[in-house]
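> I am attaching a structure below and will ask some questions about it afterwards.
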Amino acid sequence: MVQFNLDHARTIISAAQAKGSELGLKPLTVAVLDAGGHLVALERQDGSSILRPQIAMGKAYGAVAVGAGSRWLNDNAQSRPHFVQALNGVAGGGIVPVPGGVLVRNTDGEILGAVGITGDTSENDEAAAIAGIEAASFTADAG
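Numbering-wise, numbering that gives the first Met the number 0 puts 42 at position 43 of the sequence shown, and it's gapless, one number per residue.
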């Protein structure tokens with residue numbers, strides 16, 4: 000089994016930022032967490048606003064916490080707001096239930112961690128996360 004590590008996180012961040020540049024996105028903040036929800040790496044592009052690190056980590060943390068991309072959380076926030084509110088309460092308010100939190104899976108489908116990106120629209124954040132994960136030769140699961 001491939002061990003998810005700092006080099007992978009750096010590849011993900013670099014490729015996600017490159018995708019953001021290619022698409023002309025606003026400055027991005029990228030957080031990479033391991034399967035236990037621990038921060039592996041975070042990078043904030045110049046011009047990112049001050050809460051972007053917390054938002055990026057909240058998107059990734061939510062994905063790892065429920066084992067599904069934050070798009071799934073967003074859908075549930077709309078259809079079952081009481082569930083997502085309770086989940087976020089249990090998580091100490093650390094979950095940001097909008098697209099942009101994408102699971103990182105290995106070839107066997109096991110969760111290795113998650114990437115959370117913020118800075119542009121949620122859909123663009125998610126696209127950059129997927130590009131970063133795929134550049135590191137992992138499978139992206141946006142949920």
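Each residue gets a CB set at the ideal place from its N, CA and C atoms; glycine is no exception.
Please look up how many angstroms separate the CB atoms of Ala14 and Ala126, rounded, as I've assumed it's under 8 Å.
Actually they do not touch by this definition, with Cβ atoms about 12 Å apart.
> Is the stretch 66-80 touching the stretch 32-46 in the sense that three or more CB pairs, one from each, lie closer than 8 Å?
The stretch 32-46, when compared against the stretch 66-80, does not touch it at the 8 Å Cβ threshold.
> Count Cβ pairs between the stretch 26-38 and the stretch 102-121 that sit closer than 8 Å; are there 3 or more?
Short answer: they touch.
> Below 6 Å CB to CB, which residues in the same chain sit around Trp71 once its five sequence neighbours on both sides are set aside?
The answer, listed in chain order, is Gly142.
> Checking the sheet assignment: what are the DSSP bridge partners for Arg43?
DSSP lists Thr28 as partners of Arg43.
> I'd like the ranges of any alpha helix (DSSP H) spanning at least 4 consecutive residues and lying wholly in the stretch 33-103.
Listed in chain order, they are 51-65, 69-78 and 80-89.
> Is it true that the CB of Ala90 sits closer than 8 Å to the CB of Val83?
Going by C-beta atoms, Val83 is not nearer than 8 Å to Ala90.
> Check whether the Cβ atoms of Gly99 and Pro26 lie closer than 8 Å to each other.
In this structure, Pro26 does not lie closer than 8 Å to Gly99 by Cβ.
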